[in-house]
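Here the structure comes first, spelled out in structure tokens, and everything after it is commentary.
2 protein chains.
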Amino acid sequence: MAETKDDSGPALPPAIESAWGLRGRPPRGPRPGLSVPAIVDAAVRVADADGLPAVSMSRVAKELGAATMALYRHVGSKDELLTLMVDAGYGPSPGPASPDDDWRARLTRWAWAEHDVLRQRPWLLHVPITGPPITPQQLDWMEDGLRCLDGTTLPEGEKMSILLLITGYVRNEATLTNQIAEGSRAAGVEPGEMMPAYRRMVGRLIDPVRFPALLRVLNAGVLDQDDDPDDEFTFGLDRILDGIEALIARRAA
Amino acid sequence: MAETKDDSGPALPPAIESAWGLRGRPPRGPRPGLSVPAIVDAAVRVADADGLPAVSMSRVAKELGAATMALYRHVGSKDELLTLMVDAGYGPSPGPASPDDDWRARLTRWAWAEHDVLRQRPWLLHVPITGPPITPQQLDWMEDGLRCLDGTTLPEGEKMSILLLITGYVRNEATLTNQIAEGSRAAGVEPGEMMPAYRRMVGRLIDPVRFPALLRVLNAGVLDQDDDPDDEFTFGLDRILDGIEALIARRAA
DNA sequence: CTGTTATGCGTAGACCATACGCAGAACTAG
DNA sequence: CTAGTTCTGCGTATGGTCTACGCATAACAG
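Just so you know, the protein sequences line up as chains A and B, in that order. Mapping the first sequence onto the working numbering, position 90 (from 1) lands on 97, and the numbers just tick up by one. Mapping the second sequence onto the working numbering, position 153 (from 1) lands on 160, and the numbers just tick up by one.
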């Protein structure tokens with residue numbers, strides 16, 4: 008049995024506890040003008056508007072009309088704020104899947120939900136992850152993902168591994184797609200001209216003797232026009248789901 | 008036909024050009040005491056010893072007995088230095104696979120080679136990637152990867168997609184494994200105690216009604232002891248390769 | 001009214017990347 | 001040999017970052 012109550016173990020940072028609603032306001036002292044949710048919201052607003060590098064403690068404080076150091080009464084460090092920003096940025100989990108769908112349709116929906124979030128908030132990809140998820144909404148997402156595999160005969164450990172596999176894939180694909188977008192913006196190139204420019208550059212650099220296979224790819228026109236990123240996403244996801252399907256078939260046999 | 012010579016297009020940063028050996032020293036002026044490879048080696052040494060955050064321009068300069076600003080004669084920015092550090096950090100590509108192996112054995116070897124590099128130099132995972140690979144050794148790795156799929160009937164575009172799929176998986180798996188290691192070191196916990204501590208924390212936080220599936224995972228003891236990370240790596244890789252196998256079978260039919 | 005406590009925030013320190021410009025070294029042309 | 005040119009190394013300075021510390025003040029308990 009898992010014990011749901013256990014006061015031992017390493018203490019949770021105060022700001023994380025408040026995210027779980029575990030912290031009541033102490034009776035004495037001035038009424039706080041700031042709150043953890045208000046700070047996190049402001050930080051998310053800054054990141055949405057100007058990207059993650061713009062999120063500095065002073066910028067967030069300015070957004071709230073407060074002084075920089077006022078924030079440190081509520082969050083222990085910038086890293087803690089980033090953790091909470093991720094939780095807020097992902098937003099509510101996609102919710103339980105239709106009971107009529109099979110595991111494959113459910114996982115596809117789950118993966119696309121994360122895909123959509125990452126497309127809308129690319130800065131989530133730039134937050135350095137410091138550990139396994141411990142914030143409420145992050146665990147909601149995990150719970151929903153696990154339920155996608157309800158009804159299969161997979162052992163619990165493999166369900167978890169599969170979830171990590173998929174979420175890793177989604178993040179990776181979003182990272183690559185986003186790099187092209189950010190790179191073209193930084194270079195002042197039309198988004199559609201980014202991959203062709205890359206292709207030209209590689210073609211100029213490589214020696215055909217040393218890089219025959221790469222040259223074949225270039226000549227096949229693979230990088231000439233941007234593929235629809237959604238097609239690329241679907242391709243990889245279907246490969247992974249095919250692999251999972253093979254596993255489920257084997258485990259059921 | 009791809010044109011291997013094309014002087015148009017966006018110019019390559021000077022330091023990248025020198026990595027391709029395209030820059031001769033101008034005849035006039037004092038003999039440089041520093042060189043791009045020397046700087047990159049020093050930076051890699053710092054990262055190996057003290058991690059990526061320790062790599063500051065002043066620290067690298069100190070390592071070389073030079074002044075901070077001297078570095079900027081050779082690299083245009085810190086980002087440029089990071090790009091070259093990645094190229095050097097990956098080291099030479101694993102080389103051509105045995106012609107007797109099938110594509111699956113070849114790709115497995117290729118994936119493990121990257122896995123090993125990332126295990127040895129975890130800081131590579133923390134370098135923010137700013138665009139598609141343009142450095143010599145990075146392209147060597149890509150070339151070797153593409154050759155793993157020689158002999159299959161896959162279109163070139165799908166070969167590339169598969170490579171991105173696998174390298175993304177390897178990076179993701181390494182990131183997760185590394186987070187546990189870094190997290191335990193930061194928290195001063197025994198590495199083997201990290202996941203159990205995480206399990207206790209989650210068990211303390213979650214409501215059994217809201218998180219039934221997650222609770223089931225916890226009760227199954229999934230997080231109680233650290234699995235061998237290599238087993239976890241193999242599991243995910245085999246799922247992906249199974250998916251690719253299904254694709255190859257379909258394309259050959 | 002007094003004591004306690006928590007809040008907001010000002011100051012200051014220790015970093016960071018890097019723009020700019022100068023002193024001098026090494027070569028070429030005469 | 002000399003003068004001119006060009007490139008290297010680096011000192012200075014600017015503006016940014018996070019955050020440790022401590023003080024004044026506001027709000028409540030008794």
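A virtual CB, placed ideally from N, CA and C, is assigned to each residue, including glycine. Note that this is a predicted model, so its numbers are computed, not measured.
Same chain only: Cβ atoms within 7 Å of residue i, ignoring 5 sequence neighbours per side
i, result
"residue 51 of chain B", "92, 95 and 96"
"residue 86 of chain B", "137"
"residue 236 of chain A", "184"
"residue 112 of chain B", "none"
"residue 121 of chain A", "174 and 177"
"residue 116 of chain B", "101 and 104"
"residue 22 of chain A", "43, 81, 82, 83, 87 and 91"
"residue 58 of chain A", "130"
"residue 126 of chain B", "181"
Cβ shell of residue i (< 6 Å), same chain only, five flanking positions each side left out
i, result
"residue 210 of chain B", "225"
"residue 259 of chain B", "160"
Same chain, Cβ closer than 8 Å to residue i, five either side skipped, listed in chain order
i, result
"residue 221 of chain A", "209 and 213"
"residue 53 of chain A", "61, 62, 66, 67 and 70"
"residue 205 of chain B", "230"
"residue 248 of chain B", "111, 114 and 115"
"residue 202 of chain A", "187, 230, 231, 232 and 233"
"residue 98 of chain A", "124 and 144"
"residue 12 of chain B", "At residue 12 of chain B, the pLDDT of 40 sits below 50, so the modelled position is not reliable and the matter cannot be decided from this model."
"residue 197 of chain B", "191"
"residue 147 of chain A", "99 and 100"
Cα-Cα separation, residue i to residue j
i, j, result
"residue 168 of chain B", "residue 81 of chain A", "45 Å"
"residue 189 of chain A", "residue 178 of chain A", "16 Å"
"residue 78 of chain A", "residue 49 of chain A", "11 Å"
"residue 200 of chain B", "residue 234 of chain B", "12 Å"
"residue 265 of chain B", "residue 187 of chain B", "In the structure as shown, chain B starts at 8 and stops at 260, and residue 265 of chain B therefore has no counterpart that could be examined."
"residue 194 of chain B", "residue 28 of chain A", "24 Å"
"residue 132 of chain A", "residue 101 of chain A", "19 Å"
"residue 124 of chain A", "residue 140 of chain B", "26 Å"
"residue 241 of chain B", "residue 118 of chain B", "10 Å"
"residue 256 of chain B", "residue 250 of chain B", "10 Å"
"residue 254 of chain A", "residue 130 of chain A", "34 Å"
"residue 161 of chain B", "residue 109 of chain B", "14 Å"
"residue 26 of chain B", "residue 37 of chain B", "21 Å"
"residue 150 of chain A", "residue 218 of chain B", "6 Å"
"residue 243 of chain B", "residue 143 of chain B", "29 Å"
"residue 75 of chain A", "residue 64 of chain A", "6 Å"
"residue 215 of chain A", "residue 134 of chain A", "39 Å"
"residue 89 of chain A", "residue 47 of chain A", "8 Å"
"residue 191 of chain B", "residue 35 of chain A", "37 Å"
"residue 157 of chain B", "residue 252 of chain B", "14 Å"
"residue 33 of chain B", "residue 72 of chain B", "24 Å"
"residue 228 of chain B", "residue 239 of chain B", "16 Å"
"residue 246 of chain A", "residue 153 of chain B", "18 Å"
"residue 170 of chain A", "residue 166 of chain B", "25 Å"
"residue 164 of chain A", "residue 223 of chain B", "10 Å"
"residue 30 of chain A", "residue 19 of chain A", "12 Å"
7 Å Cβ cut-off: residues of chain B touching residue i
i, result
"residue 218 of chain A", "146 and 150"
"residue 86 of chain A", "Neighbours of residue 86 of chain A on chain B: none; closest Cβ ~10 Å, over 7 Å."
"residue 205 of chain A", "139"
"residue 163 of chain A", "223, 224, 227 and 229"
"residue 154 of chain A", "220"
Proximal chain B residues relative to residue i, where beta-carbon distance stays under 8 Å
i, result
"residue 74 of chain A", "The premise fails here: residue 74 of chain A is roughly 27 Å from chain B at the closest Cβ pair, so nothing lies under 8 Å."
Contacts of residue i in chain A (Cβ-Cβ under 7 Å)
i, result
"residue 113 of chain B", "Here the premise fails: no neighbours, minimum Cβ distance about 12 Å."
"residue 246 of chain B", "172, 247, 250, 251 and 254"
Interface partners of residue i on chain A, CB under 8 Å
i, result
"residue 168 of chain B", "239, 242 and 243"
"residue 46 of chain B", "Result: empty, since nearest Cβ-Cβ is about 21 Å, beyond 8 Å."
Chain B residues whose Cβ lies nearer than 9 Å to that of residue i
i, result
"residue 89 of chain A", "Simply none; closest approach about 14 Å."
"residue 157 of chain A", "220"
"residue 83 of chain A", "Within chain B, no residue comes near residue 83 of chain A; the closest Cβ sits about 14 Å away, beyond 9 Å."
"residue 27 of chain A", "212"
Proximal residues of chain A, C-beta to C-beta of residue i below 9 Å
i, result
"residue 175 of chain B", "175, 176, 178, 179, 180, 182, 183 and 243"
"residue 186 of chain B", "136, 137, 138 and 139"
"residue 190 of chain B", "137, 138 and 139"
What residue ranges within the stretch 117-159 of chain B form continuous alpha helix (DSSP H) runs of no fewer than 4 residues, ordered along the chain?
Taking only runs of at least 4 residues, the alpha helix (DSSP H) segments lying wholly in the stretch 117-159 of chain B are 143-155.
Alpha helix (DSSP H) segments (min. 4 residues) lying fully within the stretch 54-88 of chain A:
Fully contained in the stretch 54-88 of chain A are the following alpha helix (DSSP H) runs of length 4 or more, in chain order: 64-71.
Length at least 4, wholly inside the stretch 165-250 of chain B: the alpha helix (DSSP H) runs in chain order
Runs found: 201-212 and 219-226.
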